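In our numbering, the protein residues as written are -18 to 54.
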């Protein structure tokens, strides 16, 4: 294993674990192949907010559904 890679990964995980809040936005694609060999692509996007130690809110829009997840401890 590359020692520099291990050191960088450790620094990244230490930084993220020290944060009280983490906010992110994302775009995602899901592709499927039907039995008729047609390719279908579903796109979605969303955002998430994590407040340590016990709060999470996530929202995803796309495909055929809007989904919201809320956890408050």
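No residue lacks a Cβ here, since even glycine has one placed at the ideal position from N, Cα and C.
Treat the numbers as computed from the prediction; the structure is a model and nothing was measured.
Quick test of your reading: residue i and residue j, contact by CB under 8 Å. State the CB separation rounded to the nearest angstrom.
i	j	result
residue 20	residue 14	6 Å
residue 25	residue 9	5 Å
For residue i versus residue j, is the C-beta distance shorter than 8 Å?
i	j	result
residue 31	residue 3	yes
residue 27	residue 39	yes
residue 33	residue 1	yes
residue 50	residue 37	yes
Unbroken alpha helix (DSSP H) runs of length 4 or more, entirely within the region -14 to 20: which are they?
none
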